[in-house]
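Undergrad: Take a look at this one; I'll ask things after.
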Amino acid sequence: MSQTAAAARTDTARTGARHGSLGDSIFAALATGAGVFVLVLLGAIIVSLFIGGLPSFRAFGLGFLATSDWDPVQQIFGAMVPIYGTIVTSILALLMAVPIAFGTAFYLTELAPGWFRRPVGIAIELLAAVPSIIYGMWGFFVIVPIMADPIEPFLIDQFGDLPVIGALFQGPAFGTGIFTASLILAIMVLPFIAATMRDVFLTVPAVYKESAYGVGCTTWEVMRSIVIPYTRVSVVGGIMLGLGRALGETMAVTFVIGNTNRISSSLFGPGNTIASIVALEFPESAAGSLKLSSLLALGFILFVISFIVLAISRLLLRQKPMPGAKA
Amino acid sequence: MSTTLTGTAGNAHLFPSRDPRIAQRLSRRRKRINYISKGLCIVATLIGLAFLAAILITLLWLGLPGLHLSVFTETTRPPGSNGGLLNAIVGSLIQTAIGTAIGTPIGLLVGTYLAEYARGSALGNAVRFVSDVLLSAPSILIGLFIYQVLVNPFNGFSGIAGCAALAVIVIPIVVRTTEDMLRLIPVALREAAAALGAPKWKTTVFVCYRAAIDGIATGVLLAIARVAGETAPLLFTSLGNLNWSVSLTQPMSSLPVTIYQYAGSAFDDWVQLAWVGALLITFGVLALNILARLILRPRH
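The following block contains the structure:
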């Protein structure tokens, strides 16, 4: 491969030197420059958020992370509540989305009849294409009333009195809150996780599965003993990708989370996330104010968290063990 | 008896039982687990599809009644005076078009760099990694970034800042599809072009791009579909504008931001217009997605 490429290059250099080499160097420089531009872009995003957040970091130090106040009157701002809300909603969303995504991926790769796979697969992918503002609106006008009337009061009745987990199911049923936000997030990240799982399930060599079927395994046993062990690393990568998406989701969460800067023990209590507080408070922040700087500092923290999660996801998804390649 | 039975059943694949009663029971149990898991998977798929259906039905149900010609011919007006969404639609079209027009060539070049120049190089791997991270990075942060570099230092919110934010979102989408598609082009095609004496850049532009045009077009369409519905990055850049304005140096209206403002308002006619806007944007975006998949289908 590299030999032919090298051969092509020398060949080009010899025969096309007069009319080609200038164009070649310009094009190569453009392409390389564009590649470097992407690196610069990421660096610029990190640096600009950090510089914007600097006054806030200076004013509050590391205490910024551990302060739960958000008080524009006294000019005290802390990141603890939004960070808590971001992490809790994302993890709850994954708990709801992963089993459904797994079932969907299993259905699409092993169970669905051939002609049916493409339309169902596309429908699931379209779920990812719906803009997040639409999820927010739909959540606010459709899901919130349903949560407020039958679902949350029912759950509070059923589980509110239990000794340990009861605390999670208490308080008034507003409809909005951490739980509703997690549910909407779960629907939004479901297609990303399902599509990634489907794609990695399809990388399992057919001969492995055929061998398992050949010794009499059921479909579920093939899934559990062949497909999952083979794709374990990539499946975790797909889940991390979904987590990365959930952490930074803004519009949908802003509509349904209740937007209160408070850590509540109940799942039905209102809260906020980094993205939702930035979207909501930003229009009310004067340029150059400590509040705006604190919002940019929150943005910087969100970027660091997302970057770590997405980086892990990429590393896991890239690492593809290919024992079948030797055969 | 029962303990030996479960013990045998648990290691059944290691020690096949000769007792037909145990074998039958084991087989029934395995079949039952299989049926249950299959059933649960079908239920899971139906749940996903049901959510899509619920969203689309809600949009049609609440959006269609407000869908009149005036939505496309009149601009947004104060509550109670039956305005339309013309400035939002035009603003969205302008920002999406310019954002795509800026982002696509850069994304195309980066994809070309990754596929043609940087296979296996450390710089190439870094660029690919960063591009993939940007692909999933929270779009609100891209809005904050553009606010920091284009809005704050200059004279405030502007349409061009919105275009720049959308362009940053377009780049990694186009990079991913371009690189994937160029990698599918057989080396023989490149060798054939080289054998005719074509310089590498001509081979890339006139042979590889041409062969990969379907995939590249798909990427661009998906990018358009993605940025057309973006709200968060526009909140801090083009801000939204309830008056008619096509000036790129002024705050510019857009459909998603208008939906955000209207849906949260207390006026029934604004909420109704928000549903109409939501209907338009969702079906537009979904149509682009389906179109992108139809384009890609025939040759691969």
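Residue numbers (this note's numbering), protein chains in the order written: chain A, 4 to 330; chain B, 436 to 735.
Think of the CB as a built atom: it goes at the ideal place given N, C-alpha and C, for glycine as much as any other residue.
1) Along chain A, which residues have their Cβ under 8 Å away from the Cβ of residue 567 (chain B)?
2) Starting from the Cα of residue 265 (chain A), find the closest Cα among A:89, A:77, A:40 and give me that residue.
3) Anything in the segment 566-589 of chain B with a Cβ closer than 8 Å to a Cβ of chain A? List those residues in chain order, please.
4) Could you give the DSSP three-state label for residue 329 (chain A): helix, strand or coil?
5) Buried or exposed for residue 76 (chain A), going by 16 or more other Cβ atoms inside 10 Å?
6) Give the DSSP-derived three-state secondary structure of residue 80 (chain A) in the structure shown.
7) Does the Cβ-Cβ distance between residue 2 (chain A) and residue 135 (chain A) come in under 8 Å?
8) Give, in chain order, every unbroken run of the alpha helix (DSSP H) that is at least 4 residues long and sits entirely within the segment 649-676 of chain B.
9) With DSSP as the reference, identify every bridge partner of residue 687 (chain B), one or two as the case may be.
10) Mapping DSSP to helix, strand and coil, what is residue 141 (chain A)?
11) Quick check on residue 679 (chain B): does DSSP put it in helix, strand or coil?
12) For the segment 215-249 of chain A, which residues have a CB atom closer than 8 Å to at least one CB atom of chain B, in sequence order?
13) Can you list the residues of chain A that residue 644 (chain B) reaches, using a CB-CB cut of under 8 Å?
14) Out of curiosity, what's the CA-to-CA distance linking residue 20 (chain A) and residue 309 (chain A)?
15) Quick one: what's residue 74 (chain A) bridged to in DSSP?
16) Is there a C-beta anywhere in chain B that falls below 8 Å from the one on residue 95 (chain A)?
17) What does residue 484 (chain B) touch in chain A if you count any residue whose Cβ is under 8 Å from its own?
18) Run down chain A in chain order and give the residues with a C-beta less than 9 Å from the C-beta of residue 545 (chain B).
19) Can you give me the Cβ contacts of residue 514 (chain B) inside the same chain, cut-off strictly under 8 Å, excluding the 5 residues immediately before and after it?
20) Assuming residue 317 (chain A) and residue 568 (chain B) make a contact with CB atoms under 8 Å, what is their CB distance in whole Å?
21) When the Cα atoms are used, what is the spatial distance from residue 627 (chain B) to residue 638 (chain B)?
22) Should residue 648 (chain B) and residue 535 (chain B) be called a contact, given that it needs their Cβ atoms to be closer than 8 Å?
23) Quick one: which residues of the segment 273-303 of chain A get their C-beta closer than 7 Å to a C-beta of chain B? List them in chain order.
24) Report the neighbours of residue 469 (chain B) on chain A: residues whose CB is nearer than 7 Å to its CB, in chain order.
25) For residue 674 (chain B), which residues of its own chain have a beta-carbon under 6 Å away from its beta-carbon, when the five flanking residues on both sides are left out?
26) Determine, using beta carbons only, whether residue 171 (chain A) comes closer than 8 Å to chain B.
27) Could you list the residues in the segment 171-196 of chain A with a C-beta less than 9 Å from some C-beta on chain B, going in chain order?
28) Are residue 129 (chain A) and residue 487 (chain B) closer than 8 Å when you measure CB to CB?
29) Measure from the alpha carbon of residue 282 (chain A) to the alpha carbon of each residue in B:713, B:668, B:664, then state which is nearest.
30) Chain A beta carbons: is any one of them nearer than 8 Å to that of residue 464 (chain B)?
31) Compare the C-beta of residue 460 (chain B) against all C-beta atoms of chain A and say whether one is closer than 8 Å.
32) Any beta carbon from chain A within less than 8 Å of residue 472 (chain B)'s own beta carbon?
33) Taking the alpha carbon of residue 84 (chain A) as the point to measure from, which residue in A:290, A:273, A:240 has its own alpha carbon closest?
34) Would you decide whether residue 27 (chain A) is buried or exposed? Buried here means 16 or more other CB atoms lie within 10 Å of its CB.
35) Residue range of the alpha helix (DSSP H) that residue 713 (chain B) falls in?
36) Just the Cα atoms here: how many angstroms apart are residue 101 (chain A) and residue 242 (chain A)?
TA: In terms of the structure at hand:
1) Per Cβ cutoff of 8 Å: 313, 317.
2) Nearest of A:89, A:77, A:40 to residue 265 (chain A), Cα basis: A:89.
3) Within the segment 566-589 of chain B, the residues whose Cβ lies closer than 8 Å to some Cβ of chain A are 566, 567, 568, 569, 571, 572, 573, 574, 575, 576, 577, 579, 580, 583, 584, 587, listed in chain order.
4) Because residue 329 (chain A) carries a pLDDT of 34, less than 50, the predicted location of this residue cannot be relied on, and no value is offered for it.
5) Counting Cβ neighbours within 10 Å, residue 76 (chain A) comes out exposed, since fewer than 16 surround it.
6) In the structure shown, residue 80 (chain A) adopts extended strand secondary structure according to DSSP, grouped into three states.
7) The question about residue 2 (chain A) has no answer here: the residues shown for chain A are numbered 4 through 330.
8) Segments of the alpha helix (DSSP H) lying fully in the segment 649-676 of chain B: 667-670.
9) In DSSP, residue 687 (chain B) forms a bridge with B:674.
10) In this structure, DSSP gives residue 141 (chain A) a helical state, which the three-state scheme calls helix.
11) In the structure shown, the three-state DSSP call for residue 679 (chain B) is coil.
12) Residues passing the 8 Å Cβ filter: 221, 222, 223, 224, 226, 244, 247, 248.
13) What residue 644 (chain B) touches in chain A: nothing, since even the nearest Cβ is about 12 Å away.
14) Low confidence applies to residue 20 (chain A): its pLDDT is 48, below 50, so where it sits in the model is not reliable, and the reading given next is rough at best. Approximately 47 Å, taken between the alpha carbons.
15) Residue 74 (chain A) is bridged to A:79.
16) No - not a single Cβ of chain B is within 8 Å of the one on residue 95 (chain A).
17) Those are 123, 126, 127, listed as they occur along chain A.
18) Residues of chain A passing the Cβ test: 34, 37, 38, 40, 41.
19) In its chain, beyond the 5 residues on either side, 700, 702, 704, 705 have a beta carbon closer than 8 Å to the beta carbon of residue 514 (chain B).
20) At roughly 7 Å, the Cβ-Cβ gap stays under 8 Å, so residue 317 (chain A) and residue 568 (chain B) are in contact.
21) The straight-line gap from Cα to Cα measures roughly 9 Å.
22) No, the Cβ-Cβ distance between residue 648 (chain B) and residue 535 (chain B) is not below 8 Å.
23) Along the segment 273-303 of chain A, the positions whose C-beta sits under 7 Å from a C-beta of chain B are 278, 281, 282, 285, 290, 299, 302, read in chain order.
24) Counting only Cβ-Cβ distances below 7 Å, residue 469 (chain B) has contacts in chain A at 221, 222, 223, in chain order.
25) Taken in chain order, the residues that qualify are 592, 686.
26) Between residue 171 (chain A) and chain B, the shortest Cβ-Cβ separation is not below 8 Å.
27) Correct list: 190, 193, 194, 195.
28) In this structure, residue 487 (chain B) lies closer than 8 Å to residue 129 (chain A) by Cβ.
29) With distances taken between Cα atoms, residue 282 (chain A) lies closest to B:668.
30) Judged by the 8 Å Cβ criterion, residue 464 (chain B) is not in contact with chain A.
31) At a cut-off of 8 Å between beta carbons, residue 460 (chain B) makes no contact with chain A.
32) Taking 8 Å as the CB threshold, residue 472 (chain B) lines the interface with chain A.
33) Of the candidates A:290, A:273, A:240, the one whose C-alpha sits nearest the C-alpha of residue 84 (chain A) is A:273.
34) Sixteen is the threshold: when 16 or more other Cβ atoms of the shown chains lie within 10 Å of the Cβ of residue 27 (chain A), as they do, the residue is buried.
35) Looking at the DSSP string, the run of the alpha helix (DSSP H) that includes residue 713 (chain B) is 703-731.
36) The straight-line gap separating the alpha-carbon atoms of residue 101 (chain A) and residue 242 (chain A) is approximately 7 Å.
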